[in-house]
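The listed protein sequences derive, respectively, from chains V and E.
To convert, note that position 88 of the first sequence is 88 in this note's numbering; the numbers rise steadily by one, no gaps.
Each position in the second sequence, counted from 1, maps to that position plus 1000 in this note's numbering.
Note that CB positions come from ideal geometry on N, CA and C, so glycine has one too.
Computed from a prediction, not measured in an experiment: that's the story for all the values here.
Written below as structure tokens is the structure these notes are about.
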Amino acid sequence: DVKVTQSSRYLVKRTGEKVFLECVQDMDHENMFWYRQDPGLGLRLIYFSYDVKMKEKGDIPEGYSVSREKKERFSLILESASTNQTSMYLCASNLSGEGSYNEQFFGPGTRLTVL
Amino acid sequence: GQNIDQPTEMTATEGAIVQINCTYQTSGFNGLFWYQQHAGEAPTFLSYNVLDGLEEKGRFSSFLSRSKGYSYLLLKELQMKDSASYLCAVTPGWGKLQFGAGTQVVVTP
């Protein structure tokens, strides 16, 4: 059974804290993604990685960074958390290539609240 | 620019049919996905279309017209468990997805 796991379901942090969100997939996927999901805005891509140590900015990278030291693990880092980063964060992974193989598999999400 | 539009909410009764439309304008197109997302859960894959036409999968069907930049997801014989958000997503390739804001479907008894 394919699986994407995220380190926390719920997280509460204070403004200015450094926050780490971890994602692990067990499907040997090349690509991994971080999204945030907000009401009325849908899923917006923050960063993605197509290989170990490789990363590319998505649509809203400001205030975030990422790390991919191992193929199965992709970390999202909020360098200095702010209240406007309160959101649901979803990690996903898929195989590289085209067609229906692009199907992304999602983790359960982390609901982050920044006070 | 990139634009993917779908209605915000639709309501239908149990046993009925609902059609969720999605129109898109994207800089690249290599297929269109539909995902289902129940409240508080991860999105799960429903369908993928890359060629024009209708793909049927049980109670769910998905249609694509590339020339019109248009797709729909058809849900037949609605059940209460179909109450969820339905996400339309376009892939420009390289494994990436561009999502619409989602359509909340409410199924009433």
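CB contact check: residue i to chain V, cutoff 8 Å
i       : result
E:Y1086 : no
E:P1092 : no
E:K982  : What the structure shows of chain E is the stretch from 1001 to 1109, and residue 982 of chain E is not part of that stretch, so it cannot be assessed.
E:K1096 : yes
E:Y1048 : yes
Sub-8 Å separation of residue i and residue j beta-carbons
i       : j       : result
E:I1004 : E:Y1035 : no
E:T1026 : E:P1092 : yes
E:N1030 : E:Y1072 : no
E:S1061 : E:L1051 : no
V:G109  : E:A1084 : no
E:A1012 : E:L1078 : yes
V:R68   : V:K53   : yes
V:V24   : V:F106  : no
E:L1032 : E:C1088 : yes
Interface flag, residue i vs chain E, CB-CB below 8 Å
i      : result
V:G109 : yes
V:Q104 : yes
V:S96  : yes
Interface residues of chain V facing residue i [CB-CB closer than 8 Å]
i       : result
E:A1101 : G40, L41, G42
Chain V residues whose Cβ lies nearer than 9 Å to that of residue i
i       : result
E:G1069 : Result: empty, since nearest Cβ-Cβ is about 18 Å, beyond 9 Å.
Residue i burial status per 10 Å Cβ neighbour count (16 or more: buried)
i       : result
V:F33   : buried
V:V12   : exposed
E:V1106 : exposed
V:N84   : exposed
E:I1017 : exposed
V:E17   : exposed
E:D1082 : buried
V:L41   : exposed
V:A92   : buried
E:H1038 : exposed
E:G1028 : exposed
E:T1103 : buried
E:Q1006 : buried
E:E1014 : exposed
V:F20   : exposed
E:E1009 : exposed
E:L1097 : buried
E:Y1086 : buried
V:Y10   : exposed
V:S128  : What is shown of chain V runs 1 to 115, which leaves residue 128 of chain V out entirely.
Neighbouring residues, chain E, relative to residue i (Cβ below 9 Å)
i     : result
V:L90 : A1042, P1043
V:F74 : Correct list: empty, because the minimum Cβ distance to chain E is about 13 Å.
Check: residue i C-beta below 7 Å from any heavy atom of the ligand MG
i       : result
E:C1022 : As far as ligands go, the structure on display features none, and thus does not contain the ligand MG.
Per-residue contacts from residue i into chain E (C-beta, under 7 Å)
i     : result
V:N31 : G1095
V:F20 : Near V:F20 there are no residues of chain E at all, since even the closest Cβ is about 20 Å away, more than 7 Å.
At which residue ranges does the region 1005-1036 of chain E contain complete alpha helix (DSSP H) runs of 4 or more residues, listed in the order of the chain? Entirely contained in the region 1005-1036 of chain E, not one alpha helix (DSSP H) run reaches 4 residues.
3 or more residues per run - each beta strand (DSSP E) lying fully within the region 18-94 of chain V: Taking only runs of at least 3 residues, the beta strand (DSSP E) segments lying wholly in the region 18-94 of chain V are 19-25, 31-38, 42-51, 54-57, 64-70, 73-78, 87-94.
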